[in-house]
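Chemist: One structure is given below, represented as structure tokens, and several questions about it will come after.
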Amino acid sequence: MSNEKHREALSRTVTEKLRNGQVVVIRPLDRSDIDLEREFITNLSLESRHFRFLGGVGAPSEKLLQQLTDIDHDQREAFIATIDEDGHEVEIGASRYVLESTGKAAECAVVIADAWQMQGLGTLLLNRLIESARARGIDHLYSIDSASNAKLREVARNMGWDCRTDPEDHTQVIYTLDLTAV
Numbered sequence: 001m002s003n004e005k006h007r008e009a010l011s012r013t014v015t016e017k018l019r020n021g022q023v024v025v026i027r028p029l030d031r032s033d034i035d036l037e038r039e040f041i042t043n044l045s046l047e048s049r050h051f052r053f054l055g056g057v058g059a060p061s062e063k064l065l066q067q068l069t070d071i072d073h074d075q076r077e078a079f080i081a082t083i084d085e086d087g088h089e090v091e092i093g094a095s096r097y098v099l100e101s102t103g104k105a106a107e108c109a110v111v112i113a114d115a116w117q118m119q120g121l122g123t124l125l126l127n128r129l130i131e132s133a134r135a136r137g138i139d140h141l142y143s144i145d146s147a148s149n150a151k152l153r154e155v156a157r158n159m160g161w162d163c164r165t166d167p168e169d170h171t172q173v174i175y176t177l178d179l180t181a182v
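The numbering of the sequence shown is full-length UniProt numbering, which starts it at 1 and goes up by one.
Okay, here's the thing in structure tokens:
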């Protein structure tokens, strides 16, 4: 696809309605969102942080926050979902991918605030990520996740992702989505 279509897919801010009726804003993440990202990760449950980072992540370090918000819209892309809470923007979900050196595959991740899980937000954020990846010409998205993450397994299955056990670690699974299929 053209660079113009890719830029449009990246820069568009949309509003969506969740299953519970809440309206959320989904938009590209940028460096100025570091405080939103800090608060979001800090407020995730231990289980959600474990599933997202596949390990024990306590309070996010400045280095981690800088990496997560250093989005160049070329090698790295990210979208966040926010709500307005008493006049303040609050992040409730994020999706992102990092492009491999081949330019044809990207590793992705999605995380949803605990109180907002099972409302369709993960699907909305994944769809936005898929739209951006397709516009960029990426052939495959993949994600390495905990095999015990039942919520993600359900979302991935419903969206048509292939799932296989990680050959290097049986406690993890690898989800793959072929973006070239229509």
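Cβ coordinates follow ideal geometry from the N, Cα and C atoms, glycine included.
Model, not experiment: these values are computed from the prediction.
Based on the DSSP output, what are the partners of glutamine 172 in its beta bridges?
Modeler: Along the sequence shown, one-based indexing puts residue 172 at 172. Glutamine 172 is bridged to Ser146.
Chemist: State the beta-bridge partners of alanine 78 as determined by DSSP.
Modeler: Here residue 78 is taken as the residue at index 78 of the sequence shown, counted from 1. Arg96.
Chemist: Kindly indicate which residue of Ala106, Phe79, Asp86 has the alpha-carbon position closest to the one of glycine 122.
Modeler: For this step, residue 122 is matched to residue 122 along the sequence shown. That would be Phe79, whose Cα lies nearest to the Cα of glycine 122.
Chemist: Pick helix, strand or coil for lysine 151, following the three-state DSSP scheme.
Modeler: The count along the sequence shown starts at 1 and reaches residue 151 at position 151. Looking at lysine 151 - three-state DSSP - the assignment turns out to be helix.
Chemist: Among Glu85, Asp72, Trp161, whose alpha-carbon lies nearest the alpha-carbon of aspartate 30?
Modeler: Stepping through the sequence shown from its first residue, residue 30 is reached at position 30. It is Asp72 whose Cα lies nearest to the Cα of aspartate 30.
Chemist: For the alpha helix (DSSP H) containing aspartate 35, list its first residue and its last residue.
Modeler: Within the sequence shown, residue 35 is the residue found at index 35, counting from 1. Element bounds for aspartate 35: 34-43.
Chemist: Figure out for me which residue from Glu154, Gly137, Ile144, Met118 has the closest Cα to the Cα of leucine 18.
Modeler: Looking up residue 18 in the sequence shown gives position 18. Comparing Cα positions, the closest option is Met118.
Chemist: Any contact between the stretch 81-90 and the stretch 20-36? By contact I mean 3 or more CB pairs, one from each, below 8 Å.
Modeler: Yes, the stretch 81-90 is in contact with the stretch 20-36.
Chemist: Check leucine 18 in the structure and name its three-state DSSP category.
Modeler: For the purposes of this step, residue 18 is taken as residue 18 along the sequence shown, with counting starting at 1. Correct three-state label for leucine 18: coil.
Chemist: Report the rounded CA-to-CA distance for aspartate 162 versus serine 143, giving the unit in angstroms.
Modeler: Residue 162 sits at position 162 when you count from the first residue of the sequence shown. Residue 143 sits at position 143 when you count from the first residue of the sequence shown. Cα to Cα, aspartate 162 sits roughly 10 Å from serine 143.
Chemist: Please return the same chain residues whose Cβ sits closer than 8 Å to the Cβ of leucine 36, not counting the five positions on each side in sequence.
Modeler: Working through the sequence shown from its first residue, we reach residue 36 at position 36. The residues are Ile80, Thr82, Glu89, Val90, Glu91.
Chemist: If you draw a straight line from the alpha carbon of phenylalanine 40 to that of glycine 93, how long is it in whole angstroms?
Modeler: Translated into the one-based positions of the sequence shown, residue 40 becomes position 40. Translated into the one-based positions of the sequence shown, residue 93 becomes position 93. If I take the Cα positions, the gap works out to 8 Å.
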